[in-house]
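> Handing you a structure now.
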Amino acid sequence: MANGVGMKTNGLFLCAALGIAALASGCQSVLQSGLPDPKLSDRDRQMMALAEPDEKNIPVVRNIVEYQTKEKPGTIIVDSGPKYLYYVLPNNQAIQYRVATGSEAAGWTGRATVGAMKEWPTWMPTASIMERWPQFQVYKQHGPLEGRWDNPLGARALYLFQGNTDTLYRIHGTNEPSEIGQAVSSGCIRMRDLDVIDLYNRVHVGTPVVVL
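Quick note on numbering: the sequence shown equals residues -24 to -1, 1 to 188 in mature numbering (1 follows the signal peptide of the UniProt record, and there is no 0).
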């Protein structure tokens, strides 16, 4: 979901150039199940209290799993097939999160870095998004949607760059957590808000990202 819903880039991501050795099954041995929730700010608690009841009742599970990869600790790896995101730890371990990825036509693979990070980010649909989904035309007049509980970007957003170029792809929260685990977005990586807050607290600008 580029800018929250999605658009493709032209040849920015080439899977053949990766040379990645990472497990791709999503079925690694669990070493520690149910990591504690991240610390929330007053604004986080206020926004999450406004979520629909069904959204608040969806369980969030973060696990530490065995994970073999040549990528360095601190790297984010998104395994688009089984819909998992891994934050690489030392000693062949990783934190495993469940995610939603792009649909087959809109998904992308490759390398990037975290170029910017925002809490409760605003969202402005691109011209192509407004063309594909006319209901978003309203933002031409009213401007971006402020960061809040029903914003498509959710509680946090990691903006993916290649060099100084914004790829327009994001790792971000969601206002539709029931769709986690599916290929439903138009390109971006969506996480439950508690998960994306947890990941956000672990990374920094410059963190490498690999999407398989």
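For glycine and all other residues, C-beta sits at the position ideal for the given N, C-alpha and C.
For Asp13 and Leu170, which I take to be in contact (beta-carbon distance under 8 Å), what is that distance rounded to the nearest angstrom?
Position 37 of the sequence shown holds residue 13. Position 194 of the sequence shown holds residue 170. Indeed, because the Cβ distance is near 6 Å, the residues count as touching under 8 Å.
> Could you tell me if the beta carbon of Glu152 falls within a distance shorter than 8 Å of some heavy atom in the ligand SAM?
Because no ligand of any kind appears in the structure shown, any question about the ligand SAM cannot be addressed here.
> Going by DSSP in three states, Val75 sits in which element: helix, strand or coil?
The sequence position of residue 75 within the sequence shown is 99, counting from 1. The answer is coil: DSSP assigns Val75 none of H, G, I, E or B.
> Is the beta carbon of Arg87 closer than 9 Å to that of Val186?
Within the sequence shown, numbered from 1, the residue matching residue 186 stands at position 210. Within the sequence shown, numbered from 1, the residue matching residue 87 stands at position 111. Yes, the pair counts as a contact, with Cβ atoms nearer than the cut-off.
> List the endpoints of the continuous alpha helix (DSSP H) containing Ile173.
As a working mapping, residue 173 is identified with position 197 in the sequence shown. Note, Ile173: alpha helix (DSSP H), Asp169 to Tyr176.
> Quick one: what's Gly86 bridged to in DSSP?
Here residue 86 is taken as the residue at index 110 of the sequence shown, counted from 1. Gly86 pairs with Val187.
> Can you name, in chain order, every residue of its own chain whose Cβ lies under 6 Å from the Cβ of Ser17, other than the five neighbours on each side?
Stepping through the sequence shown from its first residue, residue 17 is reached at position 41. There are no such residues.
> Quick check on the DSSP output: the beta strand (DSSP E) that includes Ala133 runs from which residue to which?
Counting from 1 along the sequence shown, the entry for residue 133 is found at position 157. Segment Arg132 to Gln138, the beta strand (DSSP E) holding Ala133.
> Can you tell me the Cβ-Cβ gap for Ile53 and Val36, rounded? I've got them flagged as a contact below 8 Å.
Indexing the sequence shown from 1 puts residue 53 at position 77. Indexing the sequence shown from 1 puts residue 36 at position 60. Actually they are not in contact, since the Cβ atoms of Ile53 and Val36 sit about 20 Å apart, beyond 8 Å.
> Nearest to Ser56 by alpha carbon, out of Ile40, Lys46 and Gly78?
Here residue 56 refers to the residue found at position 80 of the sequence shown. Per the Cα distances, Gly78.
> For Arg132, is the classification buried or exposed, using 16 other Cβ atoms within 10 angstroms of its Cβ as the cut-off for buried?
Locating residue 132 in the sequence shown gives position 156, counting from the first residue. It counts as buried.
> Using the beta-carbon count (16 or more within 10 Å), is His118 buried or exposed?
The residue given as residue 118 occupies position 142 in the sequence shown. The residue is exposed, with fewer than 16 neighbouring Cβ atoms inside 10 Å.
> Identify every residue that forms a DSSP beta bridge with Ala70.
Sequence index remark: in the sequence shown, residue 70 carries index 94 (1-based). Ala70 is bridged to Val41 and Val64.
> Does DSSP put Ile156 in a helix, in a strand, or in coil?
Locating residue 156 in the sequence shown gives position 180, counting from the first residue. Note: Ile156 maps to coil in three-state DSSP.
> Beta-carbon within less than 7 Å of Glu42's beta-carbon, same chain only, minus the 5 sequence neighbours each way: which residues are those?
As a first step, residue 42 is located in the sequence shown; it is residue number 66 there, counting from the start. Excluding residues within five positions, the ones whose Cβ falls inside 7 Å are Gln4, Ser5, Leu7, Asn68 and Gln69.
> Sort out for me which residues DSSP pairs Lys94 with in a bridge.
Working through the sequence shown from its first residue, we reach residue 94 at position 118. In DSSP, Lys94 forms a bridge with Ala133.
> By the 10 Å Cβ neighbour count, where 16 or more other Cβ atoms means buried, how is Val172 classified, buried or exposed?
Within the sequence shown, the letter at position 196 stands for residue 172. Under this definition Val172 is a buried residue.
> Helix, strand or coil: how does DSSP classify His118 here?
Here residue 118 corresponds to residue number 142 of the sequence shown, with the count starting at 1. Helix.
> Please identify the residue among Val90, Thr45, Arg74 and Gly139 whose C-alpha is closest to the C-alpha of Pro66.
Within the sequence shown, residue 66 is the residue found at index 90, counting from 1. Among Val90, Thr45, Arg74 and Gly139, the Cα nearest to that of Pro66 is on Thr45.
> His180 by DSSP, collapsed to three states: which one?
Residue numbering aside, residue 180 sits at position 204 when the sequence shown is read from its first letter. In this structure, His180 counts as coil in the three-state DSSP scheme.
> Taking C-alpha atoms, which residue in Arg166, Tyr145 and Asp174 lies nearest to Thr85?
What you label residue 85 is simply residue 109 of the sequence shown in a count that begins at 1. If we check each option's Cα against that of Thr85, Tyr145 comes out closest.
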